[in-house]
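Trainee: This is the structure I have questions about; it appears just below.
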Ligand SMILES: [Zn+2]
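Numbering (my numbering), first residue to last: 165 to 519.
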C-alpha cells in the first residue's frame with residue numbers, strides 16, 4: 165500500500181494543529197500538571213468560591229494587568245492600596261489591604277515571599293500541603309472576600325473596614341457549615357459504586373462514559389459522570405460527537421472526550437468505566453493511525469498515559485446507566501455542557517439509582 169507523506173498533529177483527532185493545543189503542549193513541556201488544579205475542585209466550599217479560585221489560577225480574573233494585556237486602556241494602580249500595580253498575587257496576597265486581612269484572620273497561611281499565585285496555592289492546596297479541609301475552605305473563602313472587597317473599591321469607591329470584612333466572612337462560613345451539616349443529615353446515603361467485584365477498588369475519581377444515538381437520523385452524542393470513590397458527585401457532561409452510525413467509533417470518541425476532560429481538569433488516578441468490551445480490548449491493541457478508529461484509540465491511549473495510575477475497565481451496562489442518560493438527553497446533541505458539584509435535575513433520579 166502506498167500513502168503520501170503528510171504533516172499531522174498527533175494531539176487532534178483530525179490531525180489539525182490548533183493554537184490551544186500548542187499552548188497545552190507548551191504547558192506540558194514546562195512542567196507537569198500541578199496537583200492544585202485537581203484539588204481545587206475537591207474543596208468543600210460553595211461552587212462560586214471554587215469558580216473564582218479557578219479563574220484566579222487560570223489568569224482569568226479581570227485584574228488590571230490582565231485587562232491591560234487584553235488591550236483595555238487603563239492605568240495599572242491597585243484599587244486597594246493605590247500605590248503598587250495590580251496583579252492576582254498582589255491583590256489577593258501581598259497588597260497591604262490583603263496582608264492586613266490575613267494577619268487579623270490568624271489563618272496559618274504559607275509565606276508570600278518570592279511566590280507567584282500558582283506556587284503559593286500549591287503550598288496550601290498541593291499534594292504535600294498539610295492543611296485540613298476547614299483551613300482549605302477558610303483560605304478559599306477569604307480569598308473570595310478579598311476579591312469582593314476589591315470590587316467594592318472599584319465600583320463603589322471604598323473598601324470595607326477590615327473587621328467588617330472578617331465578620332462578614334465568619335458569618336458566611338458559619339452559614340455554609342450549618343447548611344452542609346443539614347444537607348449531610350437529609351442526604352440519602354450513596355452506596356459506594358461496586359460495578360464489578362472482580363475489579364480492584366478504585367483509588368481516585370471514577371468516570372463513567374457512554375455514547376448514544378438520537379432519533380431516526382442517529383445523531384451521535386456522549387455522556388460522562390465523574391464521582392469520588394465514595395460515590396459523591398464531582399461533575400457530569402454531555403455533547404455531540406462527529407461520526408457516522410458506528411457504535412464502536414462513537415464509544416471510542418466518547419472515551420476520548422471523557423479522558424480529555426479529566427486531563428484538562430488536572431485529574432489523575434482515574435478509573436474509567438465503559439460498557440463496551442470491544443473498546444477495552446481494542447484500546448490494549450491499538451497501534452495504527454491508518455484508520456480513523458485507530459487514530460482515536462491511540463489518542464485515548466496517549467491521554468490515559470498523561471494521567472498517572474489511570475485505567476479503563478469494562479462494566480455491565482447498568483453500571484453506566486447515568487452516563488447513558490447523559491448521552492441520550494436532548495441537550496447532548498446541541499452543544500458540550502457540563503455540570504459541576506450539583507447534578508442537573510434531569511440526572512438526579514438516575515444518579516441516585518445508579519450510584
Ligand atoms: Zn495594592
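Cβ atoms here follow ideal geometry from the backbone N, Cα and C, with glycine treated the same way. Because the structure is a prediction, the values reported are computed rather than measured.
1) Since residue 442 is in the alpha helix (DSSP H), which residue starts that stretch and which ends it?
2) Where residue 506 and residue 398 are concerned, what is the direct C-alpha to C-alpha distance, given to the nearest angstrom?
3) Rounded to a whole number of angstroms, what is the C-alpha to C-alpha distance between residue 504 and residue 324?
4) Does DSSP classify residue 308 as helix, strand or coil?
5) May I have the straight-line CA-CA distance separating residue 326 from residue 214, to the nearest angstrom?
6) Just to check my reading of the structure: residue 434 and residue 371 have Cβ atoms closer than 8 Å, yes? What is that Cβ distance to the nearest angstrom?
7) Among the candidates 234, 328 and 279, whose CA atom is the shortest distance from the CA of residue 269?
8) Indicate whether residue 387 and residue 254 have their beta-carbon atoms separated by less than 9 Å.
9) Whose CB is closer than 7 Å to a heavy atom of ligand 1? List the residues in chain order.
10) So, residue 375 versus residue 423, is the Cβ gap smaller than 9 Å?
11) If we call anything under 9 Å between Cβ atoms a contact, is residue 473 one with residue 436?
12) Do the segment 236–245 and the segment 256–269 touch if we need at least three Cβ pairs shorter than 8 Å?
13) What does DSSP give as the partner residue(s) for residue 402 in the beta ladder?
14) Could you give the residue range of the beta strand (DSSP E) that holds residue 435?
15) How many angstroms separate the CA atom of residue 199 from the CA atom of residue 390?
16) What separation, rounded to the nearest whole angstrom, lies between the Cα atoms of residue 335 and residue 207?
17) Taking 8 Å as the cut-off, does the CB of residue 462 come closer than this to any heavy atom belonging to ligand 3?
18) Select from 219, 393, 224 and 403 the residue whose C-alpha is nearest the C-alpha of residue 377.
19) Helix, strand or coil for residue 356? Go by DSSP, reduced to three states.
20) Could you say which of 227, 264, 289 and 250 lies nearest to residue 202 if we only look at CA atoms?
21) With H, G and I counted as helix, E and B as strand and the rest as coil, what does DSSP make of residue 336?
22) Residue range of the beta strand (DSSP E) that residue 478 falls in?
23) To the nearest angstrom, report how far apart residue 499 and residue 266 are at their CA atoms.
24) Hey, residue 460 and residue 420 are a contact pair by Cβ (cut 8 Å); roughly how many whole angstroms apart?
25) Where does residue 374 fall in DSSP's three states?
26) Since residue 333 and residue 306 should fall inside the 8 Å C-beta cutoff, what is the C-beta to C-beta distance between them, to a whole number of angstroms?
27) Our contact map puts residue 221 next to residue 276 with C-beta atoms below 8 Å; I'd like the distance itself, whole angstroms only.
28) Give me the Cβ distance between residue 373 and residue 438, rounded to the nearest whole Å; I'm assuming they're in contact under 8 Å.
29) Closer than 6 Å by C-beta to residue 418: which residues in its own chain qualify, once you throw out the five before and the five after it? Chain order, please.
Mentor: Looking at the coordinates:
1) What you label residue 442 is simply residue 278 of the chain shown in a count that begins at 1. First-last of the alpha helix (DSSP H) with residue 442: 441–449.
2) Here residue 506 refers to the residue found at position 342 when the chain shown is read from its first residue. Here residue 398 refers to the residue found at position 234 when the chain shown is read from its first residue. When rounded, the distance between both Cα atoms is 8 Å.
3) Translated into the one-based positions of the chain shown, residue 504 becomes position 340. Translated into the one-based positions of the chain shown, residue 324 becomes position 160. The alpha-carbon atoms of residue 504 and residue 324 are separated by roughly 31 Å.
4) As a working mapping, residue 308 is identified with position 144 in the chain shown. In the structure shown, residue 308 sits in a helix (DSSP, three-state: H, G or I).
5) For the purposes of this step, residue 326 is identified with residue 162 of the chain shown, where counting begins at 1. For the purposes of this step, residue 214 is identified with residue 50 of the chain shown, where counting begins at 1. Straight-line Cα distance between these residues: approximately 23 Å.
6) Here residue 434 corresponds to residue number 270 of the chain shown, with the count starting at 1. Here residue 371 corresponds to residue number 207 of the chain shown, with the count starting at 1. Distance from residue 434 to residue 371 at the Cβ level is roughly 6 Å; contact confirmed, criterion being Cβ atoms closer than 8 Å.
7) If you number the chain shown from 1, residue 269 lands on position 105. Out of 234, 328 and 279, 328 has the C-alpha closest to the C-alpha of residue 269.
8) Sequence index remark: in the chain shown, residue 387 carries index 223 (1-based). Sequence index remark: in the chain shown, residue 254 carries index 90 (1-based). Judged by their CB atoms, residue 387 and residue 254 are not nearer to each other than the 9 Å cut-off.
9) For ligand 1, the selected residues are 242, 244, 245, 247, 248, 250, 254, 255, 259, 260 and 261.
10) In the chain shown, the residue the question calls residue 375 occupies position 211. In the chain shown, the residue the question calls residue 423 occupies position 259. No. Outside cutoff.
11) Taking the first residue of the chain shown as position 1, residue 473 is located at position 309. Taking the first residue of the chain shown as position 1, residue 436 is located at position 272. Not closer than 9 Å, so no.
12) Proximity of the segment 236–245 to the segment 256–269 meets the contact definition, three or more beta-carbon pairs being nearer than 8 Å.
13) Within the chain shown, numbered from 1, the residue matching residue 402 stands at position 238. Residue 402 is bridged to 387 and 501.
14) Sequence index remark: in the chain shown, residue 435 carries index 271 (1-based). According to the DSSP assignment, residue 435 belongs to the beta strand (DSSP E) that extends over 435–438.
15) Here residue 199 refers to the residue found at position 35 of the chain shown. Here residue 390 refers to the residue found at position 226 of the chain shown. Between the C-alpha atoms of residue 199 and residue 390 there is a straight-line separation of about 17 Å.
16) Here residue 335 corresponds to residue number 171 of the chain shown, with the count starting at 1. Here residue 207 corresponds to residue number 43 of the chain shown, with the count starting at 1. Spanning the alpha carbons of residue 335 and residue 207 requires a straight line of approximately 19 Å.
17) Although ligand 3 was asked about, the structure shown includes only ligand 1 as ligands.
18) As a working mapping, residue 377 is identified with position 213 in the chain shown. It is 403.
19) For the purposes of this step, residue 356 is identified with residue 192 of the chain shown, where counting begins at 1. For residue 356, the predicted structure reports a pLDDT of 46, less than 50, and the residue's modelled location is therefore unreliable. The matter cannot be settled from this model.
20) One-based indexing of the chain shown puts residue 202 at position 38. Of the listed residues, the one whose Cα sits closest to residue 202 is 289.
21) Numbered from 1 along the chain shown, position 172 holds the residue referred to as residue 336. DSSP places residue 336 in helix when its eight states are reduced to three.
22) Looking up residue 478 in the chain shown gives position 314. In this chain, the beta strand (DSSP E) harbouring residue 478 covers 475–478.
23) Taking the first residue of the chain shown as position 1, residue 499 is located at position 335. Taking the first residue of the chain shown as position 1, residue 266 is located at position 102. Rounded to the nearest whole angstrom, the C-alpha separation of residue 499 and residue 266 is 42 Å.
24) The sequence position of residue 460 within the chain shown is 296, counting from 1. The sequence position of residue 420 within the chain shown is 256, counting from 1. About 6 Å separates the two Cβ atoms, so the contact holds.
25) Here residue 374 corresponds to residue number 210 of the chain shown, with the count starting at 1. Residue 374 sits in a strand when the DSSP states are folded into three classes.
26) Start at 1 with the first residue of the chain shown, and residue 333 comes out as number 169. Start at 1 with the first residue of the chain shown, and residue 306 comes out as number 142. Residue 306 and residue 333 do touch by the CB rule: their CB atoms are close to 6 Å apart, below 8 Å.
27) Translated into positions along the chain shown, residue 221 becomes position 57. Translated into positions along the chain shown, residue 276 becomes position 112. No, residue 221 and residue 276 are not in contact; Cβ-Cβ is about 16 Å, not under 8 Å.
28) As a position in the chain shown, residue 373 is number 209, starting the count at 1. As a position in the chain shown, residue 438 is number 274, starting the count at 1. About 6 Å separates the CB atoms of residue 373 and residue 438; that is less than 8 Å, so the two are in contact.
29) If you number the chain shown from 1, residue 418 lands on position 254. Within the same chain, Cβ atoms closer than 6 Å to the Cβ of residue 418 are found at 373, 375 and 386, the five residues on either side in sequence being excluded.
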